[in-house]
Each structure stands twice: as C-alpha cells, then as structure tokens.
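A.B. asks:
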Amino acid sequence: MPILPTTTPRSSFHDEMHYKRRRPTYWTASIPLFLRRLFRFPQMDFEFALWQMLYLCIAPRRVYRNIYYHKQTKNQWARDDPAFVVILSFLLGASAIAWGIVNGHGIVGILKMILFMVFIDFVVVGLVISTICWAFANRFLSHRRTVHAVEQTVEWAYAFDVHCNAFFPLYLILYVAQFFLMRVLTKQIWVCLFLGNSMYLIAVCYYCYITFLGYNALPFLLHAEMFLYPIILFLIIYFVSLFGFNISAIVLQLYFNS
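And the structure:
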C-alpha cells in the first residue's frame, strides 16, 4: 500500500512562503553585526574597550586571552562590538583638531585633517594591511587539516581587529607623543634626530608585535612569528636614517605642515 503524503501541495506552498517571509532579507544578512551596531551607542561596551586599550600598552598578551571564550559564545574570533573603533576614531579626530589648531589651519583644513587621519591613516591603510595579512595567514600559515577535521580560516573581520589593536599604541606614539615633542624633534641636532627616529622605530615595531600576538593567538595557525620579520627591515632603515635623515622632521613637514 503506497504511503500517502502527510501534507498537501497547498500547505507546502504556504509553508515555503512563510519561511521566505521570516528569512532575513539580503541586506540584513549581508551587513555584519559590527556595522549594524556602529551607531547604537547604548549597546556598546566602552568600559571593556578602554580596558583593552590600557592593556595593549602595558600587557598586550592579556587582550588576546579571552578570544577563546568569545569564539565559544559568539562563534567568531572577531569582536562584534564597535566600541573600540568608535573610541579610536574619536581620539584621532581630537588629535587632528589639536594638530590643526597648532599649525594654524582653518575650519576647512581641520576637517580635511580629520578625514585624512580617520579614513586614510586608520581605515583605508588598515583595510589594505588587514587584507594582506588575512590572505597571507590563510594561504601560508594555516594547518594542513585531515579529512575529518573541521577546516578553520582567519576571519577578515578578525584581521581588521588585529590592525585596530596594533594601531592604538602607534597612535599614542606618533599622534600624541610626537605632538608634544614636535618642537624638539624638528631641531637640527643629532640627539633630536635620534629621539624622533627612535619613536618611529618603536611605533612600527610595536605594531608588528601586537599583530604577531593577534595571529599567534589563533590555535590553527603555524609560524605566526613571520609577522615579526618586517622588524628586520625597519631596523636597517632606522640605522641608516641615523646618518642624517630626520624622519620626524620630514613627516611633520609633509603631513602636518609643521
């Protein structure tokens, strides 16, 4: 005796239409939660973001210790709270205003400097660096998994997270400390040249180190120390620059018109 269908074609049609109505739209599904929460300030955890900023300066390894719990609870390695990005963007904007006032820029000049610092220095350059690191890690540093193992890859959002973390100490050195020392760093004295060039070396080396910590925290990546290799190139440039190439003076002249 043939088994009769339990539902009629009509009911199946209604079930399908009901599913389509409940299913997220294309735009809702394609926009990450991070971007959807970007302007929902009451939902952001600013206290935790400030805690991360503090420990990125004094104990950066602690920042990456809780990503395993985040992966278990949120099923992703990247943060879904944009509070860190919002605070850092605000700080960059405040720095741009300070640089603009000191250098005598008008309102338009200050607005241009804000856009350049936030969207070019932080966002656009960050997008490029994050994409390169993301592709490099997935292509060359991932484990060779067995057939039955679940393949894991670096999320692009996590790569941008690593950039944001690494950018904050660099911001403190090159955008804040350099602001207060710019009158000293631009003097034609070798000691000032040494101080300014050393600041740039520390900033880029710290950026590489925190980038290394970010990728080294992922258990499925091998040889994350390769992210430390650019430090060798920076050291060579640094020692060559000590023979009369004042990086701070040149950057301040070209960038801030100081």
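Using the UniProt record's numbering, the letters of the sequence shown map in sequence onto residues 1 to 258.
Cβ atoms here follow ideal geometry from the backbone N, Cα and C, with glycine treated the same way.
Remember, predicted model here, so these are calculated numbers, not experimental data.
1) Here's a check: name, in chain order, each residue in its chain whose Cβ is nearer than 8 Å to the Cβ of D45, leaving out the five neighbours to either side.
2) When DSSP labels each residue in this structure, what does L185 get in the three-state scheme?
3) Tell whether a beta-carbon distance below 9 Å holds between I231 and Y209.
4) Is the number of C-beta pairs between the stretch 122-140 and the stretch 100-112 that are closer than 8 Å three or more?
5) Would you kindly work out how many angstroms separate the C-alpha atoms of H163 and P60, rounded to a whole number?
6) What would DSSP say about L221, mapped onto helix, strand or coil?
7) Cα separation between S30 and L111?
8) Within its chain, find whatever has a CB closer than 7 Å to the CB of P24; leave out the 5 residues flanking it on each side and keep chain order.
9) When we look at the beta-carbon of I67 and count the other beta-carbons within 10 Å, is it buried (16 or more) or exposed?
10) From the DSSP output, which residues share a beta bridge with S142?
11) Going by DSSP, what residue range makes up the alpha helix (DSSP H) through H105?
12) Is it true that the CB of F234 sits closer than 9 Å to the CB of L213?
C.D. replies: Reading off the structure:
1) Translated into positions along the sequence shown, residue 45 becomes position 45. Once the five neighbours on either side are set aside, the close Cβ partners of D45 are D81, A83.
2) The sequence position of residue 185 within the sequence shown is 185, counting from 1. In the structure shown, L185 sits in a helix (DSSP, three-state: H, G or I).
3) On the sequence shown, residue 231 is found 231 positions in, with the first residue counted as 1. On the sequence shown, residue 209 is found 209 positions in, with the first residue counted as 1. Yes, they are a contact pair.
4) no
5) Here the question's residue 163 lines up with position 163 in the sequence shown. Here the question's residue 60 lines up with position 60 in the sequence shown. C-alpha separation (whole angstroms): 13 Å.
6) Counting from one through the sequence shown, the residue named residue 221 turns up at place 221. Of the three classes helix, strand and coil, the one that applies to L221 here is strand, per DSSP.
7) Here the question's residue 30 lines up with position 30 in the sequence shown. Here the question's residue 111 lines up with position 111 in the sequence shown. Here S30 scores only 37 on pLDDT, less than 50, and its place in the model should not be relied on; the value that follows carries that caveat. Rounded to the nearest angstrom, the two C-alpha atoms are 32 Å apart.
8) Position 24 of the sequence shown, counting from 1, holds the residue named residue 24. Caution applies to P24, whose pLDDT of 40 falls short of 50 and renders its modelled position unreliable; the value that the coordinates give is listed next. Cβ neighbours of P24 beyond the five flanking positions: none.
9) Taking the sequence shown and counting its residues from 1, one reaches residue 67 at position 67. Looking at its Cβ environment, which holds 16 or more other Cβ atoms inside 10 Å, I67 is buried.
10) The count along the sequence shown starts at 1 and reaches residue 142 at position 142. Answer is L221, bridged to S142.
11) In the sequence shown, the residue the question calls residue 105 occupies position 105. Element bounds for H105: n/a, residue is neither H nor E.
12) Translated into the one-based positions of the sequence shown, residue 213 becomes position 213. Translated into the one-based positions of the sequence shown, residue 234 becomes position 234. No. Outside cutoff.
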